[in-house]
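Report on the following structure.
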Amino acid sequence: MIRYLDQYEDVILREIKAQFPDVAVDKLMEEYIKAGLILRENKRYYLNFSMLESLDSLELDQEIFVREASPVYQALLEQSFETELRNQINAAILVEKTDFARIKMTLSNYFYKVKQ
17 MIRYLDQYED
27 VILREIKAQF
37 PDVAVDKLME
47 EYIKAGLILR
57 ENKRYYLNFS
67 MLESLDSLEL
77 DQEIFVREAS
87 PVYQALLEQS
97 FETELRNQIN
107 AAILVEKTDF
117 ARIKMTLSNY
127 FYKVKQ
């Protein structure tokens, strides 16, 4: 639904329901509206967020939306971030490199996923 609204502007509920006949569109749209992802104005539906256009101010663990077909997405896949794990007992600092999705197997990513 998000991809559909990204492709088409000025969409009415009837059009969305026609595109997704097997989905409880009314309920899902209300959830998206409450979450602030979709905006409803004058019986029209719009995305209520912007897509990432540049990696200039990107930080690790920042919530973003990016088009998979965009050059920014490819650059994001190639981007690496430095993480630090600190141990107060022996003052150790473990510095690792990771990807934005935190898929790479690192100790920092392990603790990040456990925390979630």
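The working numbering applies: residue 17 is where the sequence shown begins, and numbers increase by one.
Note that CB positions come from ideal geometry on N, CA and C, so glycine has one too.
The structure presented is a predicted model; accordingly, all values stated were derived computationally and were not measured.
So what's residue i in DSSP terms, helix, strand or just coil?
i      : result
Glu69  : coil
Val88  : helix
Arg60  : strand
Leu74  : coil
Ile18  : helix
Lys129 : helix
Buried or exposed for residue i, please, with buried defined as at least 16 other CB atoms from any protein chain shown within 10 angstroms of its CB.
i      : result
Val130 : exposed
Ile109 : exposed
Val39  : exposed
Met45  : buried
Tyr126 : exposed
Ile32  : buried
Ile133 : Because the chain here runs from 17 to 132, residue 133 falls outside it and cannot be looked at.
Closer than 8 Å by C-beta to residue i: which residues in its own chain qualify, once you throw out the five before and the five after it? Chain order, please.
i     : result
Gln95 : Leu71, Leu74, Asp115 and Phe116
Lys59 : Ile28 and Leu29
Output needed for residue i: all residues of its chain with C-beta closer than 7 Å, excluding positions within five of it in sequence on either side, in chain order.
i      : result
Ser124 : Thr99, Leu101, Glu112 and Thr114
Val82  : Met67, Leu68, Val88, Tyr89 and Leu92
In terms of residue numbering, what span does the alpha helix (DSSP H) encompassing residue i cover?
i      : result
Asn103 : Note, Asn103: premise wrong, no alpha helix (DSSP H); beta strand (DSSP E) at Ser96 to Asn103.
Leu46  : Here residue 46 turns out to be Glu, not Leu, going by the sequence shown. Here the alpha helix (DSSP H) through Glu46 covers Val41 to Lys50.
Taking the beta strand (DSSP E) that residue i falls in, what are its first and last residues?
i     : result
Ala34 : Run containing Ala34: none in the beta strand (DSSP E); it sits in the alpha helix (DSSP H), Leu29 to Gln35.
The region 62-74 contacting the region 18-28, beta-carbon criterion three pairs below 8 Å = yes
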